[in-house]
Structures are given as structure tokens and as C-alpha cells.
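Number of protein chains: 2
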Amino acid sequence: MKQFFYPKSVAVVGVSASPTNLARAIVYHLEEFNYTGKVYLVGPRGGSYMGHKIYPTILDIPDPVDLAAVLTPAVTLPEIMESCGQKGIKRVVIESAGFSELGDERKGLEEQVIAAARKHSIRFIGPNCIGVINKETGLAVPFMPFRDNFHLGPLSIISQSGGVGGAMLNTLAGEHLGFNKFASIGNKLDTDENDLLEYLLEDPGTEAIFLYLEGIANGRRLMELAFRSSKPILLHNSNTSEASTHIARSHSGSLSAAEEVVDAACHQCGIQRVRDTCSTIRAIKAHSLPPMRGSRLAVVSRSGGHAVIAADAAAKYGFILQPFPEDFLRMVEKHLRAGVIRLGNPMDLGDLFDFEVFRQIVSDTLARGDIDGMLVVVNYNGIFFEDDSRSLVSSIKETSIQAQKPVALCVVTTEEEWRLNRLNHPNFPMFTEPEEAAQALSISRDFFSRRLTTFAEAETFAVDKKGVETILAAAKDRKARQLTTAEAFQILSHYGIPSADWALAKGATEASSQAASLGFPIAMKVMGEGFVHKSDVGGVLLDLKTDVEIRDAYEHLANLIEKTEPGAGESIVLLQEMVPGGHEVFVGAKQDPVFGPVVLSGLGGVYVEIFGDVAIRVAPVAAAEAHEMFAGIRGGKLLQGVRGQPPADLDTLIQVTQRISQLICDFPQILELDVNPLKVFRAGQGCLAVDCRMIIAEDD
Amino acid sequence: MKQFFYPKSVAVVGVSASPTNLARAIVYHLEEFNYTGKVYLVGPRGGSYMGHKIYPTILDIPDPVDLAAVLTPAVTLPEIMESCGQKGIKRVVIESAGFSELGDERKGLEEQVIAAARKHSIRFIGPNCIGVINKETGLAVPFMPFRDNFHLGPLSIISQSGGVGGAMLNTLAGEHLGFNKFASIGNKLDTDENDLLEYLLEDPGTEAIFLYLEGIANGRRLMELAFRSSKPILLHNSNTSEASTHIARSHSGSLSAAEEVVDAACHQCGIQRVRDTCSTIRAIKAHSLPPMRGSRLAVVSRSGGHAVIAADAAAKYGFILQPFPEDFLRMVEKHLRAGVIRLGNPMDLGDLFDFEVFRQIVSDTLARGDIDGMLVVVNYNGIFFEDDSRSLVSSIKETSIQAQKPVALCVVTTEEEWRLNRLNHPNFPMFTEPEEAAQALSISRDFFSRRLTTFAEAETFAVDKKGVETILAAAKDRKARQLTTAEAFQILSHYGIPSADWALAKGATEASSQAASLGFPIAMKVMGEGFVHKSDVGGVLLDLKTDVEIRDAYEHLANLIEKTEPGAGESIVLLQEMVPGGHEVFVGAKQDPVFGPVVLSGLGGVYVEIFGDVAIRVAPVAAAEAHEMFAGIRGGKLLQGVRGQPPADLDTLIQVTQRISQLICDFPQILELDVNPLKVFRAGQGCLAVDCRMIIAEDD
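Top to bottom, those sequences are chains S and L.
Take 400 as the starting number for the first sequence in our numbering and just add one per residue.
Take 400 as the starting number for the second sequence in our numbering and just add one per residue.
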């Protein structure tokens, strides 16, 4: 990927003499950004532009070329890729639109482009993108016009949309925050965000990465990369609503992952999710500060009102306001003018007009071992004390950098003064209000205190995989989409998950004898594909206590089966012991189109239906991760034991979750499974599956 | 209050020849803001400043004075108020600090100031504030220095903190949004936010009001004013955390209401709560647009990526993306350049370069009867099409104002162009991104679709108030803080709320005979003040089925009582029938220090303990409000009947809630009451209180 950003020579393909020719902007940018490599222009009508000759074809260029930036009609691309190959160009940025984002009928064209690239070992970015910028070298090939108002900074950007990525560059310029590398990736036909991310994680110039994606190419690879990243990764994943799906498809051809799975995946691998430009800028600012390595905060403000607001914000984001030492407060008090303010943390310095003392307060506080960072509010109105205030801003910045502890500095002033301060301190973040500052500190703290459990840490249990394969093969043979409850219980059993005792029965007499050997009371359930939600159609009869009840129940279910699946022969029902007590938990799993196997769990019944109290993780999950699932849901408190109840057998529940995780990873053809309820008994007494549903793929 | 804002003459008290004299800034402001009334300066050392003679005392001023702005040491204020009275000045702004915000020992000084004011019928604002500004007339008396970079606009501001209020003025100036009147109210010793709010609601120049408060003076009056306001009221109520309480007290001497009660109160009376400057600005922008009177939205964007983001934002804020008519889409398609984009809502106009057509699309869409407003994204980079884009911005603004429908206009461009557009269109809001624009539209929609139920609409039931008075008087006589369960049940009964049958018993034999007449099974409970949480100490025994169990239970409880309250004589216990079935609900009430009586309700047990699923309202609540309480909590769904369960008797539950509301309003000496559980049976079958707890004030 490095060759996309550090080419020694660039060919711009699609330039013409017409003033509305868009590829001209690419040539303009290479000049505007002071690109020092060689530039060659290509266009069928020849001529020249900005002092460069326009060659009719790529092959006419006399010298070797490292990178081609192409903006020509979509249909010309297969031929142009072929020419690039012949010329020995190994990196191409295809900016042209008109591919699969317009509809599946353009897939053929895309395949031709890929074929030409493969043939010549070309890697390309795009199509339907605005290309790349390397602020270090001045390589800049977007056709969207920019002035180079940008600072060089430690942030690199990967954006699926050129418009959104370009807008982010402008926003960063307005904030006087810089960037290092920028890539717009469009339809991601060859190079995707993971290819670029992998490179940027190694790139010495990049210290943080922002991703804007309308669809995630390979969720698991993204997670694997993020797991081992020490650089903060921010993800704005749009296209999360039904309304946006249509437009995103026609904009960049992207399909979306389940929203809650994206959240879970980001949480697991330490990616920080942002949802709009404003919060993205906050996160970028957060990571432009020295790291916040704990929650112990000191707040100092020149305005009492802002000190109140800062205290609220500190509480909201979970900071601890450490008290200032008494002798320190006495020292500060000596410098107050009117003595009309009482000191504490937050410290209201509205009455302090000695800026040298203000400086001292900040540097002494940062030096304390029990302080992880500061939130400082400097108010001034640009009429009095403006020089003092500006130089206070400078020295607070330097103190923070020297101490390698963050000072989230709010400069509360006029627009004019704000701009001046921003201009004076590029790449050092300033904040407009305590809320923003406290949030930024929390973003930094959350990143630097993250605890990740990688996929590799997931335990593997000894299971009977062959047994499961046999069941799935049989189901496939009869073209089943849903397994019978008996098959599902058997699969669980092969993976070491016990069920409440059960047996099958054909006919009332067999039902009667099976019931007798299982022992009363008994639950009786219909089986078979016709019954996806057995309870809803009256297909589950509970608490049968006598032989008469068993025989009546059998007749009832047999009628129901005959009505639903007429002519299926004598009906088979499942009998199961009734299990008293225990918490009703569910553990499920499914295949996400983007992230692959995921596990879900929570307390059953109203907790999931009404409160949506569900934990999700991308599988496989290790014990620590499964533990965190139950610790993270609200209903998890019930399992720990409330109101004098004994704690539940969490250890076994966690193991069941891991075994389900192993099962869904081992068998991608299991699309969905749901153990619900799983009865969890008190500590040491284990779990029992009471019902289970599994949906399998039509073909694997 | 009008006289504070429209005085014909102002005396500035506390001016001296010293260059560090703060009162000079007041004089400077009257000049800077072009105040046209007469200005008189007062200071004991005389002299002159900015061409004005400094009179040694107020009484030395030769002409009548309407308003005095005072910035002198706190101790001088009683005397200055006396002078003002003698001079016939009826309005005073006291900007001096050093009163009760420093501690209760300054209360005496405050009382002297109040006494002097009362004596001469003076109304005053402050102390510990920065005074008032009337942008209409140029009256501006803050001592905090401002340049008059402000536009005249329809927003007025009441701020408890001068620093926060002043910062808001600067932020508004930066956004090119104006204001009309500004008042900083500090310690609110005489004039409070409600006095000013009442005036501003009538003030023709004010169309929206922003309040920044560190404490609410009189919550019910605030609500009453808001109930009848057709102008949007925004409230930033800070000082909501434990950490801020201390600093707020020393900053403005404020105590705080319970956070969730403030939320409930704002919801009830239509005040829109904001929590930081960023969200305040969004809300102000929202109310600077024509009103959004529904949820039907059209989105048009010059960038596909921003169209995707806008669709996500529209979904997040509950908007419906109305389809564009087919013939309209065909018309637009004719004007596209490359034909590489498919049209829909959101409409991606990245391929449209005819700005006249863009204009037409906006005005045709706003004219449609099935569209309530638009979100429009205009992207440009300030290199090409900058004139076209700027005039597009102008014409979209005009179209929106003409149509009296909102267009939330995102201008996605460089900082330079953004500033230029803001400068060209003061008081018309522009947004930086779709998230911000969609949120603003939702704020407008939520305000204009609010449905309020005023206190006056609350029904009054025929109750036995005298009966309750008798019980409370008896409890007071014995200095009880908590009523016995029996007393609590009796009070409920006087207010028409039935309890499960109960009886008291002294001794095992009486318990036995009472149990027999109530009928088994029986619950038996301890009584008495020593038992606040009866269950937690084993003071409640349930499901007693036989006479032997009753006698054992009595012995057990008698021992418990003897241990807890030794020597109290023979123990009295409460026996109660066990009530099978029904939903366990709680209905509670308490006295909030700021808003007075409030009612709380929700489902009992884990729903409230673990999920915190509670509805709160300031009492009295009308039926519609009580209904909304249960509709608004998640557990409310259970009452409507899920999973084949019949719906609960909501009508009776609502009436019980109203009767509790009436009780807590009638008896301020009941500090807290909690009917928990209240068993709610199926529709038509009523409710029964099963337990009840009431805490009363030490003296009423």
C-alpha cells in the first residue's frame, strides 16, 4: 500500500483541453500541494495543460510511471488498465464513477477491470472515489477541488465517500488540526479499508486513524487489525438505517451489517465509534492530547459558572475530582484580589489576576502523582488581559506536552480571539466548553484503559464435531431449513450442553410409557418444520401431571400436526421433564453478513422482549468476554443474586456461552440458533437447556 | 420588569478615576452600545470619566434617574439603596459580589438591602451579577467587558451566571445569531428568573427565551409561566451533580432540585432542556427557522455521502422521508450531467450543475402539502461554483422564509466560505452537518407538536380530608416520623384507595382469630417506627396457611419487635389476606425542595430496582398525564397485555395515581409515600394496595 502514497511519478489519465474537464483538478492539486515527483498527463486529444504535455495514450509516456490517477468514462477502464499493465504501472487510482453503484448490470464491467488488474499484478483504489493525498510529500490526486490550507498532522483518514472525506479535511483545516494521509476508497473493488488500515498502522507518520465507511468489507479482518493496534481507530459507520440503505447502495454499492453487531465488534476490538462530524472532531481532539491514563481530574476555571458546568460534565463522564492539598489552596488564596471566592476542586479563579500564578497552578497540579489530567477554562473577552490570556494559552499547552498529561483547555472568548488562538497552535486541540473538554478526556481515558480479549484467547472444548456433521447432513438431505427440537438437543449434547431429559413418542401409548419413565410432571411439544414458534400455535403443553393428561395432550398435538402438515403419517411428539426453579436465560448465535458468527445472551422473557437487555459479541468468545456479556446487561444483576437470592451458576453459564460460540464458529451453515430458555441454577448446580431452535442454510 | 430594560436615564454607581476601576466598563458599554438615554456617574472621589462628571453621591445628581447600576463593595449596599430610595430611583442593578454566596454569615447584609428596597418600593436585580443589556435601546450595564459585535435578534437570555451568560453572547455573535434582551440575575435576592420570564413572554421583541440557571427559584411558578407560553423556552439547568453542588453554592448560592424531577417538570410544561452550549446553540438555531409542524421530510444533497448520513440522521430523529413524485424525479433527471446517480429521497444531486434547477427543486418541494420541512446539503469547496453556491444559499433562505416551512441548510465548505455565508445571513441558522440539521428540525417539531396538560386540568375527587388530618395529628402528637402500616392503609382508604383486607392483632390468640376471619392464606407484618424496610429484616411473613403457622409467625415477629424496640409492651402485628394474581405496581409521591409535590410510578420489583423504569410527574396530575406516565415507561407494555395476557385495569390504576397526587398536594407534611406493591388486576377488576409506607415531617 505504501506505493500508493509515495510514488516518484504520477500519470493523470483523462485530461483534456476543455475548461470543464474534471481531471484537470488532479493536475492542479499536484501543483497546489507541491508534489515534487514527475507528473505526466494523458488524454486522447493531446495538447497541454499547466505546462505539461498531454500524451494521447499511457504507452506514449517516455519514462517509467509509479502511479496512474484515472478519471475517464467507466467503459474505458478495462482498456486503460491493460495499457497501465503494459506500461508497467503497478498502482492505479480509479476515480471514474459508473460501476456497480448504478446497478448489478455494471458488475461485468467491474469484472473486466479486475481481470486486467490481476493479469498485470496491478493494485488499484476505487472506482468511484476521489483518490489519495499524502500531506508529507504533496501527492494529491483528488478531482474534487481543494486549496492546500491543511496542516501536516498525525491523523490519517480512510473515507469511502469522497464528499464526506473532503468535508472532513475542510473541517480539520477550520480547527487547525492537520492530517498525514488521506484515501477515498469508493467501491473498494480491489483495495479496501483493511488493506489501507494495515499499512497505516505501520506508517510512522500516522498516529491515529479515522475511517468513514458506508459498508464494512471484512469485519473480522478489521477486528484483527484493531486488536493489535496501539493507535486509536475512529469509525464512523453510516448507512445504519433503512432509509439510508437505498441511497448508500446507489452511492457506493454498500450493504450494511446489523447495527448492534457493529457496536459489539467495535467494543471488542477497541475501535471507537463516532456518529457524526461533531463527535468525530471531539475524538480527534481527544487523541491529539497526551494520553489520559486514569479518571483523576483537576478542574480550574476563570469563571465560576463554567466551574459549575465543568463539575457536572466531570460527573457525567465518570471523573473523580481530586481535592487540592490544603497548603496549596492557602498558597493560591494569597494571590486572590477581592477574596470573594472559596476554593476547591473545581477551582474558581475568577478572582485571580496574576497569570503567572495561574500557570503555576496548572504545572504544579499536573506534576502531582494523583492527577491524571486537567480541565482548564480560560475566559476572556478580548478587551482586557488579551495578551496575558493568549500567552496563558500558550504556556498551558507547553506545560501539558512537557508533563505528557492532558490539559483539555476551554478557551471561552470572542470568535476573533478564538480564531487567533487556533491559528497560533495548530494540532493542539482547544475546546469551546467544559462538556466538550470532559468528553474528549473520557474518550482518551477509555482508549488507554481498554481491555481487549482477542479471538485467539477463546478456549476450545473437546466436542463431538462428527456427531453434529451427521445430523446436519441428514437435515440437508431432506432439505430442512429448521432442525427438529430433538436434533437441536442432540447437537447441544455433542457440544457438551445438557438438556432437560427428553424422549420422543409416536402414538399415545408410547407417549404414556415415555412419560412414566421420564417422571411427572411432563412438558409435551410438537416437532417438525411447520412449527417455528411452537408456543404461539399451542404446540407446547406444560405441567402434565397424569397419564390421562399425557394421552389427552398427545391427541391434541397430533390433531395440530395433522392440520399443519397433513398426511405426514403418525405424529411424533417430544416429551420432556419439567425443570423447577432456576433463572430463565437465553443464549443464541447467528451469522452476521459482515462480521460472521456472533453470540447473543440475556435473561429471557420480558427482559429481552420489553427491555431489549441483550449482550452481543462477535465469536469466538473467551471466558473473560462471556463473563463481560453477563456483567454488562442489566439483568446480569439478577444472576449475581439480589433481594436475598443466592447467586446463579455463572461459571457454567459462561461455559455454555463459549460452547455455543464454538458451535456457531465450527458450522457456518447454522444460520441462527437460540437456546431459550436455558435454566441456570444456583452456583455449582449447572444449567439445562429446556428448548432450542436452529435454522440452517439451504446449501452450505 | 420593563423598567429595567427601558430606562430613560441611568446612574452608574461606583466609578472612580482609577484605571482598574471595574464600574468604568459599565460607562464604556453605554457608549459602545449607543445608549441614547442620560448617563450619570457616581463615586465618592468625584472627578470625571469619558466626558461625564462623577457625582460624589447619588443625591448629588441634579436630574431624575430611572435605573441605577451599582458596583461598590458589598457592605456599602444598604446605604446606597437608601440613597436610591431618597432619590426616587425605583430600579437598581446590584452587580457587587460578596453576599450569601460567601456563606450564611452574609445573610444579614442581604436582609438590610432587602429592607431598604422594600421601604422605598425599589425592585432590584442581583447582587453578584453582571446586569442587563437591551440590544433594542443600547442599554448595557455589565461590568464584564464586551465589544458590541452583536446582532439584534428575537432571542432573550436570562442567566444566573454572568460568565456563562456573557460566553453565550460571544458564541451567538460568532454564529451571527442575535439577541434582544439579556439579564444576569446572580443571587436573585429580589428579582428572579420567573419575574423576568413573565415579562419576556409579553415582550414584543422577544420570540424565544434561553435560561441558564444554577438553581430554580420557584419551580411551580416557572411551570405555570411555561404552560401558557407560545414562545419556546430553553433551560440549561446546571449544578446537577454532587461535585457541582459545592461550587454552585459558593458561586451563586443555589440549591438544586432532583435531576429527574427537573426533567419531568420540563416535559410537562413544554420547556426544552439543554445541557451544554453546543446543544443550546442547536436549539436556538432550531427556533430561528420557520416552525416544523410535522415529521414529513425531504432531503436534498449535493454529496451522496452526506445524503446517506442525512438519511441516518432523519431516521434517528423520527422523520419520515416522503417519496418525491415520479414525474418530478423525471423532470430533475433531465438536468443531470453524467447520469451516474439514481434519484430518490434523500435526493443525491451530486450530478446537477444547474443551480436554478436546484432552487426550483427546493421551492417546489416546500410547496407540497405532504412535506413539513427540508434538510438541504450544499457542498462546495470555494474554488469552483462559489458565487453560484453562495447565491443558492441566499435563495434557499428566502424560499424557506417565504414558504414559512423550515429548510435546515447544511453548508459543507471551507471555513472561509462558511464565515462568509454566516456574515451574509445574520439570524438565519446554517448547519455544519446533517446530524445537527436533523436534530434542529426535531427540536422545532417537538416544540410545535407538544401537548400540555396543565395543573388546572387535574380532577379533584371527593375524599375524607378530615380523616387524614386526624391520623396525621395523632402521629404528630407522638412525634412519629413514619406512620404505621395500618395508619397508611387508613389514609389510602380516606382517599378512596382500597387495600387488601387487613386487621391488627395483639397476642397470638387474637392473631389466630383475626386470621380465621380474614381467611387463609395470610400475610403477617411487623408494625412500628423501628421498621422502615420490613422485608429486609424478616418482618414480613407470607403465605401462612394454618393456625399453627399463624401462632408460630406471631411468636417470631414478637421476638423481632422486642429485640428492635425493647420494652414496647405486647407486640401488635398486622395480618392481611394474601391476594393472588395481578401486576405488582408501585405508586409513590414525595415533596421536591424546588417543585413541591411529585408522583412516581412504575412496575415494582426488579423493574424499578434494576431497570430504573420509573415515571415521574409534578403533581397534581390529570388523567391524561397519569395515562402518559404508564404509556411512557417500558413496563407499561406489560400492563397493556403481552404474550396473550389480558390487559390490566389501567383506568383504575390511573385513578389511584390521581388520588395519590391529590393526597400529596393536600398534605405537604407527608414527605414521602410509597404504595408498593399495588396489585392491579385485569380490566374492570380494580387495584388493591398490599403495602404502604408514609414518612411525615417533624413539624408542619
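All C-beta atoms in this analysis are idealised placements derived from N, C-alpha and C, irrespective of residue type, glycine included.
{"Query": "Whole-Å CB distance - Val661 (chain L) paired with His635 (chain L), under 8 Å assumed", "Result": "About 11 Å separates the two Cβ atoms, so there is no contact after all."}
{"Query": "Contact set between Arg729 (chain L) and chain S, taken where Cβ atoms lie within less than 7 Å", "Result": "Correct list: empty, because the minimum Cβ distance to chain S is about 17 Å."}
{"Query": "Contact check, Val792 (chain S) vs Asn826 (chain S), beta carbons under 8 Å", "Result": "no"}
{"Query": "Nearest neighbour of Cys809 (chain L), chosen from L:Val776, L:Ser790, L:Ser794 and L:Ile1009 [CA to CA]", "Result": "L:Val776"}
{"Query": "CB contact below 8 Å: Glu814 (chain L) versus chain S", "Result": "yes"}
{"Query": "Completely contained alpha helix (DSSP H) runs for the segment 421-479 of chain S, where each covers 4 or more residues", "Result": "423-431"}
{"Query": "Ile1009 (chain S): contacting residues in chain L (beta-carbon distance under 8 Å)", "Result": "Arg1033, Gly1034, Lys1036, Leu1037 and Val1041"}
{"Query": "Close Cβ partners of Gln671 (chain L) (< 8 Å) along its chain, the five nearest in sequence each way excluded", "Result": "Pro631, Ile632, Leu633, Leu634, Cys665, Ala682, Ile842, Asp845 and Phe846"}
{"Query": "Separation of Leu688 (chain S) from Lys796 (chain S), as counted between CA atoms", "Result": "10 Å"}
{"Query": "Proximity below 8 Å, CB of Ile1009 (chain L) to CB of Leu1037 (chain S)", "Result": "yes"}
{"Query": "Beta carbon proximity, Pro979 (chain S) to chain L, threshold 8 Å", "Result": "no"}
{"Query": "Residues bridged to Gln881 (chain L) [DSSP beta-bridge criterion]", "Result": "L:Ile1094"}
{"Query": "Contiguous beta strand (DSSP E) assignments of at least 3 residues, all confined to the segment 871-941 of chain L", "Result": "901-905 and 921-925"}
{"Query": "Proximity test, Cβ basis, 8 Å: Gly442 (chain L) and chain S", "Result": "no"}
{"Query": "Contact set between Cys677 (chain L) and chain S, taken where Cβ atoms lie within less than 9 Å", "Result": "Cys677, Thr831, Glu832, Glu834 and Glu835"}
{"Query": "Cα-Cα separation between Asp1099 (chain L) and Ala902 (chain L), rounded to whole angstroms", "Result": "Annotation note: pLDDT 49 at Asp1099 (chain L) (below 50); position unreliable, no value reported."}
{"Query": "Enclosing alpha helix (DSSP H) for Cys665 (chain L) [first to last residue]", "Result": "Glu658 to Cys668"}
{"Query": "Contact with chain S by Gly530 (chain L), beta-carbon distance below 8 Å", "Result": "no"}
{"Query": "Alpha carbon of Phe545 (chain L) to alpha carbon of His428 (chain L), nearest angstrom", "Result": "7 Å"}
{"Query": "According to DSSP, residues forming a beta bridge with Ser558 (chain S)", "Result": "S:Ser583 and S:Tyr611"}
{"Query": "Environment of Thr831 (chain L) [buried if 16+ CB atoms lie within 10 Å]", "Result": "buried"}
{"Query": "Burial state of Ala904 (chain S) (16 or more Cβ within 10 Å)", "Result": "buried"}
{"Query": "For Pro477 (chain S), the nearest candidate out of S:His451, S:Met829 and S:Gly507 (CA to CA)", "Result": "S:Gly507"}
{"Query": "Per-residue DSSP class, three states only, for Val993 (chain S)", "Result": "coil"}
{"Query": "Assigned secondary structure, Glu574 (chain L) (DSSP; H/G/I helix, E/B strand, else coil)", "Result": "coil"}
{"Query": "Chain-ordered neighbours of Phe545 (chain L) on chain S, where CB pairs are closer than 8 Å", "Result": "Asn780 and Ile782"}
{"Query": "Beta carbon proximity, Gly1001 (chain S) to chain L, threshold 8 Å", "Result": "no"}
{"Query": "Partner residues on chain S for Ala874 (chain L), Cβ-Cβ distance less than 8 Å", "Result": "In chain order: nothing, as chain S lies at least about 30 Å away."}
{"Query": "Extent of the continuous beta strand (DSSP E) to which Val491 (chain L) belongs", "Result": "Arg490 to Ile493"}
{"Query": "Selected residue, minimal CA-CA separation from Asp763 (chain L), among L:Leu735, L:Gln801 and L:Glu983", "Result": "L:Gln801"}
{"Query": "Where Asn958 (chain S) falls, given that 16 or more other Cβ within 10 Å makes a residue buried", "Result": "exposed"}
{"Query": "Residue range of the alpha helix (DSSP H) that includes Phe754 (chain S)", "Result": "Phe754 to Ala766"}
{"Query": "Simplified DSSP state of Asn744 (chain L), which is helix, strand or coil", "Result": "coil"}
{"Query": "Bounding residues of the beta strand (DSSP E) (the contiguous stretch that carries Pro1076 (chain L))", "Result": "Ile1069 to Val1079"}
{"Query": "Cutoff 8 Å: Ile708 (chain L) Cβ touching any chain S Cβ", "Result": "yes"}
{"Query": "Rounded separation between Phe498 (chain S) and Pro472 (chain S) - CA only", "Result": "10 Å"}
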